[in-house]
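Note that this note's numbering has the sequence shown beginning at 2, numbered continuously upward. For every residue, glycine included, the Cβ atom is placed at its ideal position computed from N, Cα and C. These notes are about the structure you will find just below.
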Amino acid sequence: MSKAKKDSALFHGEIDERLCLNCGFPNRKSDRHCMYCRTSLLEGDGLVSWARKTYYILRWRWQLKQRRDRMGGLSGATHFLTLKFLGYFIVGFALSASGVYLFSEALADSSFSSGLVASLFLCYGILTLKSVFVKK
2 MSKAKKDSAL FHGEIDERLC LNCGFPNRKS DRHCMYCRTS LLEGDGLVSW ARKTYYILRW
62 RWQLKQRRDR MGGLSGATHF LTLKFLGYFI VGFALSASGV YLFSEALADS SFSSGLVASL
122 FLCYGILTLK SVFVKK
């Protein structure tokens, strides 16, 4: 017996929520009042109510865009990605540099075990730098 596939709400043609005309908060279709600002969600059918609803939705989206633009500078996610890139680059460079230094010392001392450790540092450093610059 095969299990029935679950229907995702994302793939339905209909949206099961409507936006409040006052604040733009998404509400269920069965709600009579907005859950955020408590204004009435009952609306008339027709061209005037459709135009009013469209105007309020577009105004709400524009206000959200203005707030996002006003924050300016780097957002938290962009700032975090920059720090992550810089951190991985520094770690990769330090591992590679220490691997090269230890490998040259191992060659000077003719030490096989030190050479293995140095090659391990060098490989980890190169792989870290590769993961920074090569995206999947």
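Candidates the options, of which the one nearest residue i by Cα
{"i": "Ser105", "options": "Leu84, Ala95, Ser120 and Gly88", "result": "Ser120"}
{"i": "Val133", "options": "Leu82, Phe113, Ser99 and Gly116", "result": "Leu82"}
{"i": "Thr129", "options": "Lys136, Thr40, Val92 and Ser99", "result": "Val92"}
{"i": "Ala95", "options": "Lys66, Phe113, Phe86 and Phe122", "result": "Phe122"}
{"i": "Gly100", "options": "Cys124, Phe113, Arg53 and Leu59", "result": "Cys124"}
{"i": "Tyr89", "options": "Ile127, Trp63, Arg69 and Lys54", "result": "Ile127"}
{"i": "Ser97", "options": "Val49, Ser112, Trp51 and Lys131", "result": "Lys131"}
DSSP-derived helix/strand/coil call for residue i
{"i": "Leu48", "result": "helix"}
{"i": "Asp8", "result": "Any reading at Asp8 must be qualified, since the residue scores a pLDDT of 48, below 50, and its modelled position is unreliable; no value is offered."}
{"i": "Ser112", "result": "coil"}
{"i": "Val135", "result": "coil"}
{"i": "Cys24", "result": "coil"}
CB of residue i within 9 Å of CB of residue j, strictly
{"i": "Val183", "j": "Ala109", "result": "Within the shown structure, residues of the chain are numbered from 2 to 137, placing residue 183 beyond reach of any answer."}
{"i": "Cys24", "j": "Trp61", "result": "yes"}
{"i": "Lys30", "j": "Arg39", "result": "no"}
{"i": "Leu1", "j": "Ser115", "result": "Shown here, the chain extends from 2 to 137; a query on residue 1 therefore has no answer."}
{"i": "Lys54", "j": "Leu84", "result": "no"}
Residue range of the beta strand (DSSP E) that includes residue i
{"i": "Leu42", "result": "Segment: none, Leu42 is in no beta strand (DSSP E) and carries neither H nor E."}
{"i": "Arg33", "result": "Note, Arg33: premise wrong, no beta strand (DSSP E); not H, not E."}
Bridge partners - residue i, DSSP secondary structure assignment
{"i": "Glu18", "result": "Arg29"}
Residue i Cβ short of 8 Å to the ligand HEM heavy atom set
{"i": "Gly93", "result": "The ligand HEM is absent from the structure shown, which contains no ligands of any kind."}
CB contact below 9 Å: residue i versus chain B
{"i": "Val133", "result": "Structure shown: chain B not included; a single protein chain is present."}
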